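Everything below concerns the one structure shown next.
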Amino acid sequence: MASEGASSDILTNWAPEVPTVQEVSKTMQNFGIPDYTVFVLMLLCCSGIGIYFGFVKKTSGEDEYLVGGRNMKTLPVSLSLIASFISGISLLGTPTEIYVHGTSYLCIGFGVIIVGFIMSNVYLPVFHELKLTSTYDYLERRFDKKIRLLGSALFSLGIMTWLPIVIYVPALAFNQVTGVNVHIITPFVCIVCIFYTCVGGLRAVVWTDFVQAFVMFGSMFLVIVKGTSDLGGVHVVLQRNLESGRLEMPSTDWNPFTRHTVWALVIGGFVHWLQVSAVNQNMLQRYLSLPNLRSAVRAMWSFILGVLILIGMCGYAGMLIYATYHECDPLITKLVRSKDQLLPLLVMDILGEFPGLPGLFVAGVFSAALSSLSTGLNSMAAVVLEDFLKPFRKTPFSPRAADILMKVTVVTLGAICVGLVFVVEQTGSQVLQLTISLDSIASGPSLGIFTMGVLLPWVNAKGALIGGLFGLAFMGWMSLSAQAAIASGSLRFDEKPVSTEGCTYSFQQIESLILSPPDIMLNATDPDVIAESWSVYHISYLWYTVTGALVTISVGLLVSLISSEDVQNLDPMLLAPFIRKYLKKRDKSLHQVKQVSKQEVGTQPEVQSRQTI
Numbered sequence: 001m002a003s004e005g006a007s008s009d010i011l012t013n014w015a016p017e018v019p020t021v022q023e024v025s026k027t028m029q030n031f032g033i034p035d036y037t038v039f040v041l042m043l044l045c046c047s048g049i050g051i052y053f054g055f056v057k058k059t060s061g062e063d064e065y066l067v068g069g070r071n072m073k074t075l076p077v078s079l080s081l082i083a084s085f086i087s088g089i090s091l092l093g094t095p096t097e098i099y100v101h102g103t104s105y106l107c108i109g110f111g112v113i114i115v116g117f118i119m120s121n122v123y124l125p126v127f128h129e130l131k132l133t134s135t136y137d138y139l140e141r142r143f144d145k146k147i148r149l150l151g152s153a154l155f156s157l158g159i160m161t162w163l164p165i166v167i168y169v170p171a172l173a174f175n176q177v178t179g180v181n182v183h184i185i186t187p188f189v190c191i192v193c194i195f196y197t198c199v200g201g202l203r204a205v206v207w208t209d210f211v212q213a214f215v216m217f218g219s220m221f222l223v224i225v226k227g228t229s230d231l232g233g234v235h236v237v238l239q240r241n242l243e244s245g246r247l248e249m250p251s252t253d254w255n256p257f258t259r260h261t262v263w264a265l266v267i268g269g270f271v272h273w274l275q276v277s278a279v280n281q282n283m284l285q286r287y288l289s290l291p292n293l294r295s296a297v298r299a300m301w302s303f304i305l306g307v308l309i310l311i312g313m314c315g316y317a318g319m320l321i322y323a324t325y326h327e328c329d330p331l332i333t334k335l336v337r338s339k340d341q342l343l344p345l346l347v348m349d350i351l352g353e354f355p356g357l358p359g360l361f362v363a364g365v366f367s368a369a370l371s372s373l374s375t376g377l378n379s380m381a382a383v384v385l386e387d388f389l390k391p392f393r394k395t396p397f398s399p400r401a402a403d404i405l406m407k408v409t410v411v412t413l414g415a416i417c418v419g420l421v422f423v424v425e426q427t428g429s430q431v432l433q434l435t436i437s438l439d440s441i442a443s444g445p446s447l448g449i450f451t452m453g454v455l456l457p458w459v460n461a462k463g464a465l466i467g468g469l470f471g472l473a474f475m476g477w478m479s480l481s482a483q484a485a486i487a488s489g490s491l492r493f494d495e496k497p498v499s500t501e502g503c504t505y506s507f508q509q510i511e512s513l514i515l516s517p518p519d520i521m522l523n524a525t526d527p528d529v530i531a532e533s534w535s536v537y538h539i540s541y542l543w544y545t546v547t548g549a550l551v552t553i554s555v556g557l558l559v560s561l562i563s564s565e566d567v568q569n570l571d572p573m574l575l576a577p578f579i580r581k582y583l584k585k586r587d588k589s590l591h592q593v594k595q596v597s598k599q600e601v602g603t604q605p606e607v608q609s610r611q612t613i
C-alpha cells in the first residue's frame with residue numbers, strides 16, 4: 001500500500017477512462033493524404049521553377065547565375081528578401097518566445113525600422129554603385145586580399161552555423177504533426193532545395209521565394225484567424241495574456257545582464273539586423289540583382305514592412321498559443337517534446353479536422369526554411385567562387401568550369417548542413433536565442449570590419465585584420481561559453497507562469513523537476529556563484545553582435561593609429577556618401593593651403609632681391 005501511495009504522488013490522480021498524454025499525442029498526429037498532397041505539391045512547384053530556369057529558360061553564365069543578370073524586378077526580389085530572412089526559426093521561434101517569456105521581444109521592430117534609414121544612406125549606396133558580385137570584393141578594394149579572405153571566412157562560418165538550425169526547425173514541426181523522425185524528413189526536403197538552387201541559380205531562388213512567401217503568409221494568417229475565432233475573439237486572447245503577465249513592455253533597466261530591456265531590443269536588435277541586412281551576402285546578393293539604387297531602396301523598405309507584419313503575426317500567434325493552453329501547459333505535460341513544437345501543436349488542435357490545412361501550414365514552415373536554405377547555398381556558391389578560388393588562380397575559369405564549380409559547391413555544402421542537424425539537436429536553447437547567439441560569433445566582427453571600411457577612412461588593412469581576428473576570438477569564447485552555461489543549467493532565464501489545472505488527460509507529474517533551480521543556483525551566496533553570474537557571457541544575447549562589432553572596431557582603430565596610413569589616395573566611392581563629402585571638403589581646403597604656401601614661397605626671392613638692390 002505504501003508503494004501505491006508513493007506512485008500516486010508521482011502520477012496525477014485521473015480516472016481510468018481519461019486518456020493519457022501519449023494517446024492524445026497520437027490522435028493529433030492525423031496528417032492525412034490531403035495534407036501530404038499539399039506538402040508534396042509545394043515541393044514539386046519549387047522543383048518545377050528550378051527546372052524552368054535551369055533547362056527551359058537556361059540560366060548560364062556567372063553573372064546570370066549569381067545576381068540574375070542585374071535586371072530582376074523589385075516585387076519578386078522584395079518578397080524573396082522577406083522569405084529568405086524569415087525562416088522557420090522566426091515562424092516557430094517567435095511564438096515560442098512570446099509564450100515562454102512574454103511580448104517584450106516584439107519591440108525589436110523599432111530596431112528594424114532604424115536599419116532602413118541607416119542602410120539606405122550608408123551601406124547600400126556604396127555596394128550598389130560598385131556593381132559587386134561578392135560583398136567581400138569590397139573588402140579587397142578598401143583594404144587588401146587578406147581582409148577579403150577574412151570577411152569571406154566569417155560569412156562561411158556564419159552560414160554553416162545558421163543553415164543546420166534552419167533545416168532542423170521545420171523538421172521539428174513535421175515531427176510534431178506526423179511522428180516522422182527528424183532525420184528522415186530533413187534529407188528528403190533538402191535534396192529538393194539543393195536541386196532547384198543548383199540548376200536554376202538566383203532566378204530560381206528568387207521566384208521560389210516569391211511563391212513560398214505567399215504560402216508562408218497564408219498559413220500564418222489561417223492559423224491566427226481560426227484560432228482566434230475558436231477562442232471567442234481577440235479580446236479573449238489579450239485578456240488571458242494580460243492576466244498572466246505576458247502582455248507587457250520591456251524593462252527600462254540599464255543592466256546589460258537583463259535578458260530583454262528596451263535598450264537591448266532596440267539598440268542590440270538594430271545592430272543584429274543591420275549586419276543581416278546591410279553587409280551579409282545572403283541579402284545583398286538580391287539588392288545587387290536590381291538594376292539601380294532606387295529599385296534597391298524600394299525593395300529594402302518593402303522588405304522591412306513585410307518583416308514587421310510577419311513579426312507581428314508570429315507574436316500574436318504566441319499569445320494565441322498561451323490563450324489556448326492557459327490551463328494545461330503542453331511543455332509540463334510533455335504533449336510536445338520541444339518548446340519550438342508549440343505552434344505545430346496548435347495547428348493540429350485547431351486545423352486537424354480540416355483535411356489539407358495542416359499540410360498547408362507545414363508547407364508554409366518548410367517554405368520559409370527552403371527559401372533561407374536556397375539563399376544560403378546560392379550565396380556560398382558566390383563566395384567560394386569569387387573569394388576562395390578566383391583570387392588564387394592566374395587564369396580565369398571558363399564559363400563551363402565556373403558553372404560546374406558553383407553547382408558542386410551547392411551540393412557539397414547542402415550535404416554538410418544536413419549532417420550538422422545532428423549537432424543542433426543536442427543544444428538546449430530556444431532556436432531564436434540560439435541562432436542570434438551563434439550568429440554573433442561571425443556577424444559581430446564582420447559588421448565591425450565593413451563599418452570601419454565604410455565610415456572610418458583612416459583605418460588601414462593591418463588594423464582591420466587584427467581587429468577582425470581579435471573580435472572573432474573574443475566572440476567565439478563568449479558565445480560558446482554562454483551556450484555551455486545554458487546546457488549545464490548554470491545560466492537560466494525567468495519564464496512566465498503556466499498551469500496544468502485544467503488538463504483533461506493524464507500525464508506524469510514532473511513539474512517539480514522542471515521548476516527546481518540547478519544546484520549552482522541554490523548556493524547564491526557562494527562567492528564563486530556570484531562571480532559566475534557576473535561573467536561577461538551572461539549579458540543579454542541581444543548585445544552579442546554589438547559587443548563583437550565594438551571590440552573589432554576598437555582594436556582596429558588602435559592598431560591603425562599606431563601604424564598610421566595616408567588616406568589621400570583612397571577611392572571616395574568606397575566610403576559612405578556623407579563621408580565622401582567630408583573628404584572632398586578636406587581635400588579642397590588642403591589644396592587651397594598648398595596654393596597659398598606656393599604663392600608665399602614664390603614671393604620670397606622677389607622680396608630678397610629688392611632688399612639687395
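With the first letter of the sequence shown counted as 1, position 435 gets the number 435 in the UniProt record's numbering; the numbers rise by one all the way through. Every residue gets a Cβ at the ideal spot worked out from N, C-alpha and C, and that includes glycine. The model shown is predicted, which means the values in this text are computed figures rather than measured ones.
Problem set entry | Rounded straight-line distance, which links the Cα of H260 to that of F493 | Rounded to whole angstroms, F493 and H260 show a C-alpha spacing of 10 Å.
For this session: Give me whichever residues DSSP pairs with Q22 in a beta bridge.
Result: Beta-bridge pairing links Q22 to no other residue.
For this session: Assign V18 to one of two classes, buried (16 or more other C-beta atoms within 10 Å of its C-beta) or exposed (fewer than that).
Result: exposed
Exercise. For A473, does the count of other Cβ atoms within 10 angstroms reach 16, so buried, or fall short, so exposed?
Worked result: Burial check for A473: the Cβ neighbour count within 10 Å stays below 16, so the residue is exposed.
Exercise. In terms of residues, what are the limits of the alpha helix (DSSP H) holding Y325?
Worked result: It is not in any alpha helix (DSSP H) - Y325 carries neither H nor E in the DSSP assignment.
Exercise. For T261, which three-state DSSP category applies?
Worked result: strand
For this session: Using only alpha-carbon positions, find the residue among F470, D209 and M216 that is nearest to N378.
Result: D209
Problem set entry | Residue closest to D403, alpha-carbon to alpha-carbon, out of L385, E425 and R393 | L385
Exercise. Would DSSP call Q29 helix, strand or coil?
Worked result: Residue state for Q29 is assigned as coil, using DSSP reduced to three classes.
For this session: Quick one: using the 10 Å Cβ neighbour count with 16 as the cut-off for buried, is residue 627 buried or exposed?
Result: Absent from the structure is residue 627, since the part of the chain shown begins at 1 and ends at 613.
For this session: Report yes if the C-beta of S229 is less than 7 Å from at least one heavy atom of the ligand GDP; otherwise report no.
Result: For the structure depicted, the ligand GDP is absent and the ligand set is empty, with no information on it obtainable.
For this session: State buried or exposed for N241, treating a residue as buried only when at least 16 other CB atoms are found within 10 Å of its CB.
Result: buried
Exercise. Just how far apart, CA to CA, sit C45 and F31?
Worked result: 21 Å
For this session: Can you say whether I33 is buried or exposed, counting buried as having 16 or more other CB atoms within 10 angstroms of its CB?
Result: exposed
Exercise. Could you check where the alpha helix (DSSP H) with S338 kicks off and where it finishes?
Worked result: Premise fails: S338 is in no alpha helix (DSSP H) and is neither H nor E.
Problem set entry | Proximity winner among G467, S374, L574 and V169, relative to C193 (alpha-carbon distances) | S374
Exercise. Can you pull the DSSP bridge partners for S251?
Worked result: Looking at the DSSP output, S251 bridges to T261.
For this session: Quick one: residues in its chain with C-beta nearer than 8 Å to the C-beta of T20, no 5 flanking neighbours on either side, listed in chain order?
Result: Y505, S506 and F507
Problem set entry | Buried or exposed (CB count within 10 angstroms, at least 16 for buried), H326 | Buried: at least 16 other Cβ atoms inside 10 Å.
Exercise. Does the distance from the CB of Y136 to the CB of V383 come in under 8 Å?
Worked result: yes
For this session: Apply the 10 Å Cβ neighbour rule to M573 and answer buried if 16 or more other Cβ atoms are within range, or exposed otherwise.
Result: exposed
Exercise. Taking the continuous alpha helix (DSSP H) assigned at G128, which residues delimit it?
Worked result: The residue you asked about is not Gly; residue 128 is His in the sequence shown. Run containing H128: L124 to E129, per the alpha helix (DSSP H) assignment.
For this session: Compute the distance between the beta-carbons of A485 and Y544, then report whether it is under 8 Å.
Result: no
For this session: Please report how far the alpha carbon of E243 lies from the alpha carbon of Q483, in whole angstroms.
Result: 32 Å
Problem set entry | Alpha-carbon to alpha-carbon, S488 and S479 | 14 Å
Exercise. From A531 to V223, what does the alpha carbon distance come to, in whole angstroms?
Worked result: Unreliable positioning characterises A531 in this predicted model, as indicated by a pLDDT of 42, which lies under 50. The coordinate reading is nonetheless provided below. Each residue's alpha carbon lies about 46 Å from the other.
Exercise. Three-state secondary structure (DSSP) at A381?
Worked result: helix
Exercise. How big is the Cα-Cα spacing for G232 and Y322?
Worked result: 14 Å
Exercise. Do L557 and V271 come within 8 Å of each other at the CB atom, strictly closer than that value?
Worked result: no
Problem set entry | Neighbourhood of A278 by C-beta, 6 Å cutoff - its chain only, sequence neighbours within 5 removed | M119 and Y123
Problem set entry | Environment of S499 [buried if 16+ CB atoms lie within 10 Å] | exposed
For this session: Please confirm if the region 146-159 is in contact with the region 298-317, defined as three or more CB-CB distances below 8 Å between the two stretches.
Result: no
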